[in-house]
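Counting in the numbering used here, the sequence shown runs from 340 upward without gaps.
Note that CB positions come from ideal geometry on N, CA and C, so glycine has one too.
From a predicted model like this one, the values you see are computed outputs, not experimental measurements.
Read the structure below first, then the notes.
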Amino acid sequence: MTTRFAPAPTGYLHLGHVANALYVWTDARERGGRVLLRIEDHDRARCRPEFEDALLEDLAWLGFEADEPAVRQSARHTIYQRVADDLHARGLLYACTCTRRLVRGSRVQGPGSEEVRYPGTCRNASHAPGDGVGWRVRLPHDAITFDDRWCGPQVQVPARQCGDLLIRDRLGNWTYQFVATVDDHLQAITDVIRGRDLLDSTGRQILLGRLIGRPAPAIFAHHPLIMKSASQKLSKSDGDTGIRDLRAAGWSRERVLEEAAKLSGFSL
Ligand code: GLU
Ligand code: ZN
340 MTTRFAPAPT GYLHLGHVAN ALYVWTDARE RGGRVLLRIE DHDRARCRPE
390 FEDALLEDLA WLGFEADEPA VRQSARHTIY QRVADDLHAR GLLYACTCTR
440 RLVRGSRVQG PGSEEVRYPG TCRNASHAPG DGVGWRVRLP HDAITFDDRW
490 CGPQVQVPAR QCGDLLIRDR LGNWTYQFVA TVDDHLQAIT DVIRGRDLLD
540 STGRQILLGR LIGRPAPAIF AHHPLIMKSA SQKLSKSDGD TGIRDLRAAG
590 WSRERVLEEA AKLSGFSL
């Protein structure tokens, strides 16, 4: 069993991360598995080295230790490029010149759905995927079924939820969906343990994984999120729950872990 903890250094470590780390490390330790630490710094505009340093320092203070040296997505450009080249060679990639605003105009209608579906505008255009344009993968219209260890049986149709997946944006940043899928495959991650906010991303990651040659998908477990109020998800900008601030306010390691466990329904 190999799982991973995959924070994006776009802010300080918060209680939501700690809850996720508890689920990840506890499951791995109970099953004799390994935890890989993956720094998801694929978005060059939003990631900052000082957040990464702080993140590593807070994790060490909390006692979460990975079983191998951390892997940085920013150092894996050549790998992602090779996977993209292969998709392109198989006719699965196309250039998208749509602006973000244009794509946002085509929201999927549905109760509470914030999902934006790309309508396929550029599918048949003749631009080559290069600099200054987005790169998208043609998704087949498959229904993906999987049995989530926390949420039970799921059916998702990525072509209907999000449409053809953006793997690289017009600025040249690889997207989260792409690099997470590539790395979960190449790092041979057997178990993806993460918060419930990513449940909807799973079908598209399984489908993309299939397209890049992953023989069988990982097992997924989407645990409850920490809630600030009934419906508001924590974000990294909530300074009041940043581990840095709790430490500065004199919280002990045990108290931070207990708080994260309590707020996410994790039993220590
Ligand atoms: N980097 C993602 C985040 O910070 C985690 C993605 C994942 O676990 O698949 O939310
Ligand atoms: Zn387009």
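| query | result |
| --- | --- |
| Taking DSSP's pairing of strands, which residues face V531 in a bridge? | F559 |
| CA-CA distance, E369 and R488? | 15 Å |
| Cβ of T438 versus every heavy atom of the ligand ZN: is any distance shorter than 6 Å? | no |
| Can you give me the Cβ contacts of E379 inside the same chain, cut-off strictly under 6 Å, excluding the 5 residues immediately before and after it? | A345, A347, Q412 |
| Who are the near neighbours of H466 in its chain, counting only those whose CB is closer than 7 Å to its CB and skipping five residues on each side? | A434, T436, V472 |
| Roughly how far, in whole angstroms, is the beta-carbon of L505 from the beta-carbon of R475, given that I think they are within contact range, below 8 Å? | 5 Å |
| Taking C-beta to C-beta, are G548 and T520 nearer than 7 Å? | yes |
| Report, in whole angstroms, the separation of the C-beta atoms of R592 and L394, which I expect to be a contact under 8 Å. | Contact doesn't hold; Cβ gap of about 16 Å is too wide. |
| K575 by DSSP, collapsed to three states: which one? | Any answer about K575 is weak, because its pLDDT of 49 lies below 50 and its placement is not dependable; what the coordinates show is given next. DSSP places K575 in coil when its eight states are reduced to three. |
| Tell me C437's beta-bridge partners as DSSP assigns them. | The partner list for C437 (beta bridge, DSSP) is empty, contrary to what the question assumes. |
| Can you tell me whether V494 is buried or exposed, with buried defined as 16 or more other CB within 10 angstroms of its CB? | exposed |
| Say whether the segment 360–374 touches the segment 498–512, bearing in mind that this needs 3 or more beta-carbon pairs closer than 8 Å, one atom from each stretch. | no |
| Give me the Cβ distance between L354 and E598, rounded to the nearest whole Å; I'm assuming they're in contact under 8 Å. | 6 Å |
| Going by beta carbon distance, what residues of the same chain come within less than 6 Å of H480, once the five residues before and after it are set aside? | A498 |
| Could you tell me the alpha carbon to alpha carbon distance between Y457 and R594, rounded to whole angstroms? | 44 Å |
| Tell me whether the beta-carbon of L611 lies closer than 7 Å to the beta-carbon of G589. | Residue numbering for the chain in the displayed model covers 340 to 607; residue 611 lies beyond these limits and cannot be assessed. |
| Which stretch, first to last residue, makes up the alpha helix (DSSP H) that contains P554? | That residue, P554, is in no alpha helix (DSSP H); it is neither H nor E in DSSP. |
| Return yes when at least one heavy atom of the ligand ZN lies under 6 Å from the C-beta of T460, else no. | yes |
| Less than 6 Å separating the Cβ of R456 from some heavy atom of the ligand GLU? | no |
| Would you tell me roughly how many angstroms separate the C-alpha atoms of V531 and Y515, rounded to the nearest one? | 15 Å |
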